[in-house]
Each structure stands twice: as C-alpha cells, then as structure tokens.
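*Asks:*
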Amino acid sequence: MKNKKLEQLLSLVEGALCVAMAFALDLLPLPKWPMGGSISISCVPIIYYSYRRGWLKGLVMGLANGVIQIVTGWYTPPGGALGAVLLCALLDYLLAFGVIGIADAFAKLFGKHRMVGYTVGAVLVNLCRLVCSYLSGITIWASTTPEGEYVWIYSLTYNASYMIPNAILAAVIIAILCAALDPKTLRPIKKDAL
C-alpha cells in the first residue's frame with residue numbers, strides 16, 4: 001500500500017516537472033505566428049512522460065499544459081462570443097495540448113519496435129494537434145482569412161507552417177532522448193527494441 005502511494009506521488013511529481021519543462025520550453029524566444037502558434041519543442045516533455053507513465057496519465061498532463069497555455073497565452077477569437085470562446089478553449093488549447101499526452105497509445109502499436117513507436121508517436125500526436133488547429137481555423141478563425149483565399153486552404157497552410165516543423169523536431173529529439181534513456185527502463189535502449 002505504501003509503495004503504491006509513493007509510486008503515485010512520484011508519477012505526479014514527474015508529470016508536474018514535465019508540464020513545467022513544457023512551459024519553460026515554450027518561453028524560448030522562437031518566432032511566434034501573428035494569430036497564435038510557433039515553432040517549439042515544448043511538446044517533448046509531455047510526449048516523454050506519456051511513454052514513461054502511459055497515455056492516460058500523459059493525457060492528464062497534456063490537459064494541464066493546455067490549461068496553463070490558456071492562462072498565459074490566450075488568443076481571443078474574433079467577435080468574442082461565448083460559443084467561440086468555449087470552442088477556442090476546447091480546440092486550440094485543451095484538445096490540442098491534451099492530445100500530445102496520448103503519444104504512448106500510438107507507440108504501443110509498434111510492439112517490440114519501441115524506437116519506431118516512440119518516433120512515430122511523436123509525429124502522430126503533432127499531426128492530431130494540427131487537426132485541432134485546422135478545425136479551429138476553419139470555424140472560429142475563419143473571419144481572419146485574407147480576402148480571396150479559401151478558408152480551408154488558408155487554415156491548413158497557416159497551421160501546418162509551424163506544426164510540421166514541430167512534428168519533425170519532436171520526432172528527432174524524442175528518438176535521440178529515448179535511445180539514450182528508454183522511458184520504460186531509464187537505461188539506454190537495447191538494439192532489439194529498435
């Protein structure tokens with residue numbers, strides 16, 4: 001009983017540290033896009049935590065990171081209607097950052113080939129986040145589309161312009177990090193898990 005409580009506490013502390021690292025990484029002076037979004041590696045600690053503790057705990061920490069993003073970096077949608085504000089909170093923050101925490105669910109699909117799973121999982125959660133941002137762009141932010149452009153194309157190109165680099169950066173960093181320190185064992189990954 002005592003060991004279980006200690007393990008739960010350790011897991012919570014690890015998660016809180018990963019959320020704090022994600023927040024700190026988001027503060028790095030990288031270019032910010034005019035209506036939100038930036039190239040960032042802030043998703044890496046949440047992804048690594050998901051691989052270490054599982055997708056459900058990862059989801060909780062991803063949601064916590066989303067709440068912090070709401071508090072510290074909120075972009076008010078055009079018009080500011082209650083429905084738009086709620087949808088913005090859901091799509092741009094809670095779902096977009098929460099989905100980062102489910103990386104382990106994708107990684108598990110690769111069984112013994114953990115390194116492939118870790119890398120692909122990092123890419124897929126960033127693509128899921130891109131879908132959230134895209135949906136937000138074609139609904140909430142549609143009025144910001146430049147005249148003469150199709151909203152669905154504009155939203156895709158705007159959001160992909162920072163999310164694709166984020167996915168690539170996350171995959172590379174996660175591959176290096178997990179090879180050096182497997183999240184499951186906290187030891188260098190064995191060759192048979194590649």
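Taking my numbering, I'd label the letters of the sequence shown as residues 1 to 194.
Cβ coordinates follow ideal geometry from the N, Cα and C atoms, glycine included.
Quick check: the Cα distance between leucine 25 and glycine 79, rounded to an integer number of angstroms?
*Replies:* For this step, residue 25 is matched to residue 25 along the sequence shown. For this step, residue 79 is matched to residue 79 along the sequence shown. Approximately 31 Å between the Cα atoms of the pair.
*Asks:* Check serine 38 in the structure and name its three-state DSSP category.
*Replies:* Within the sequence shown, the letter at position 38 stands for residue 38. Three-state result, serine 38: strand.
*Asks:* Which whole-angstrom value describes the C-beta separation of serine 38 and tyrosine 134, a residue pair presumed to lie in contact below a C-beta threshold of 8 Å?
*Replies:* Position 38 of the sequence shown, counted from the start, is the residue given in the question as residue 38. Position 134 of the sequence shown, counted from the start, is the residue given in the question as residue 134. So it is not a contact: roughly 16 Å between Cβ atoms.
*Asks:* How many angstroms separate the CA atom of tyrosine 51 from the CA atom of proline 45?
*Replies:* Counted from its first residue, the sequence shown places residue 51 at position 51. Counted from its first residue, the sequence shown places residue 45 at position 45. Rounded to the nearest angstrom, the two C-alpha atoms are 10 Å apart.
*Asks:* Thinking C-beta only, is glycine 98 closer than 8 Å to tyrosine 49?
*Replies:* Position 49 of the sequence shown holds residue 49. Position 98 of the sequence shown holds residue 98. In this structure, glycine 98 does not lie closer than 8 Å to tyrosine 49 by Cβ.
*Asks:* Which residues share a DSSP beta bridge with lysine 32?
*Replies:* Taking the sequence shown and counting its residues from 1, one reaches residue 32 at position 32. Ser38, per the DSSP bridge assignment.
*Asks:* Excluding the five sequence neighbours on either side, which residues of its own chain have a C-beta within less than 7 Å of the C-beta of proline 77, listed in chain order?
*Replies:* What you label residue 77 is simply residue 77 of the sequence shown in a count that begins at 1. Counting only Cβ-Cβ distances below 7 Å, and skipping sequence neighbours, we find Ala84, Val85, Cys88, Ile140, Trp141.
*Asks:* Look up glutamate 149 in the DSSP assignment and say whether it is helix, strand or coil.
*Replies:* Working through the sequence shown from its first residue, we reach residue 149 at position 149. Coil.
*Asks:* Going straight from the alpha carbon of asparagine 203 to that of lysine 57, what length do you get?
*Replies:* A query on residue 203 cannot be resolved here, the shown segment of the chain reaching from 1 to 194 and no further.
*Asks:* Inspect the beta-carbon positions of leucine 82 and serine 136 and report whether they are closer than 8 Å.
*Replies:* What you label residue 82 is simply residue 82 of the sequence shown in a count that begins at 1. What you label residue 136 is simply residue 136 of the sequence shown in a count that begins at 1. Not a contact, by the Cβ cut-off of 8 Å.
*Asks:* Work out the CA separation of asparagine 159 and threonine 72 for me, nearest whole Å.
*Replies:* Walking along the sequence shown from the start, residue 72 turns up at place 72. Walking along the sequence shown from the start, residue 159 turns up at place 159. In a straight line, the C-alpha of threonine 72 is about 20 Å away from that of asparagine 159.
*Asks:* For cysteine 18, I'd like the list of residues in its chain whose CB is within less than 8 Å of its CB, leaving aside the five on either flank, ordered along the chain.
*Replies:* The residue given as residue 18 occupies position 18 in the sequence shown. Excluding residues within five positions, the ones whose Cβ falls inside 8 Å are Pro45, Ile46, Tyr48, Tyr49, Met61.
*Asks:* Whole angstroms is fine: what's the gap from leucine 30's alpha carbon to tryptophan 74's?
*Replies:* Here residue 30 refers to the residue found at position 30 when the sequence shown is read from its first residue. Here residue 74 refers to the residue found at position 74 when the sequence shown is read from its first residue. For leucine 30 and tryptophan 74, the distance between alpha carbons rounds to 18 Å.
*Asks:* Measure the Cβ-Cβ separation of glycine 101 and leucine 59 and say whether it is below 8 Å.
*Replies:* Within the sequence shown, numbered from 1, the residue matching residue 101 stands at position 101. Within the sequence shown, numbered from 1, the residue matching residue 59 stands at position 59. Contact flag set, yes.
*Asks:* Less than 8 Å between the C-beta atoms of alanine 96 and cysteine 132, yes or no?
*Replies:* As a position in the sequence shown, residue 96 is number 96, starting the count at 1. As a position in the sequence shown, residue 132 is number 132, starting the count at 1. Going by C-beta atoms, alanine 96 is nearer than 8 Å to cysteine 132.
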